[in-house]
Amino acid sequence: MKKPEDYTEEEWEAICNRCGKCCLIKLEDEDSGEIYYTDVICRYFDEKTCSCTEYENRCMLVPECIKLTKDNVDKISWMPASCAYRCLFEDRPRPARQPVSGRVISETRVEEDQLEDHIVDWDDL
Ligand code: SF4
Ligand code: SF4
Numbered sequence: 017m018k019k020p021e022d023y024t025e026e027e028w029e030a031i032c033n034r035c036g037k038c039c040l041i042k043l044e045d046e047d048s049g050e051i052y053y054t055d056v057i058c059r060y061f062d063e064k065t066c067s068c069t070e071y072e073n074r075c076m077l078v079p080e081c082i083k084l085t086k087d088n089v090d091k092i093s094w095m096p097a098s099c100a101y102r103c104l105f106e107d108r109p110r111p112a113r114q115p116v117s118g119r120v121i122s123e124t125r126v127e128e129d130q131l132e133d134h135i136v137d138w139d140d141l
């Protein structure tokens, strides 16, 4: 099986299917550490193109936006199980792309204390 380190940079970037699920706002249960996904999405996400409008500066603008690399892909347990990188790393088949467009709301339109009301349990996360 091809390992992450065997991919060229170009091949590595191409693995992402641009579903947008890693751009959803997540909540963490302080006691259990469990991660909950919401249908609220990062302010820099463009629903029309299903992509980041600040891709080059993303890690600077959004500290919790972590660049997935061949070295950290195994350590990011909060990535959605359907993420193409997680599937690759866990040696699971990659599911068909199911973009978040059309079912999300920008974080600019949701108060922080309302985030809990936006927790979702999508089958394709
Ligand atoms: S900065 Fe861009 S890549 Fe990072 S979470 Fe926001 S929309 Fe997604
Ligand atoms: S969840 Fe994975 S496959 Fe989907 S956009 Fe994010 S990095 Fe790409």
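The opening residue of the sequence shown carries number 17 in the working numbering; numbering runs sequentially from there.
Ideal Cβ placement from N, Cα and C applies to all residues, glycine included.
Item, Value
"Any non-hydrogen atom of ligand 2 within 7 Å of Asn33 CB", "yes"
"Arg31 - containing beta strand (DSSP E), residue span", "Looking at the sequence itself, residue 31 is Ile, so the reference to Arg does not match. No beta strand (DSSP E) contains Ile31, which is instead part of the alpha helix (DSSP H) from Glu25 to Ile31."
"Enclosing alpha helix (DSSP H) for Tyr101 [first to last residue]", "Ala100 to Phe105"
"Helix, strand or coil at Cys68 [DSSP, three-state]", "strand"
"Shell residues, 5 Å Cβ cut-off relative to heavy atoms of ligand 1", "Cys39, Cys58, Tyr60, Phe61, Cys68, Arg74, Val78 and Cys81"
"Residue environment, Tyr53, which counts as buried when at least 16 other CB atoms sit within 10 Å", "buried"
"Local Cβ density within 10 Å of Pro96, reported as buried at 16 or more and exposed below that", "buried"
"Stretch pair the region 63 to 80 + the region 124 to 135: three plus CB contacts closer than 8 Å", "no"
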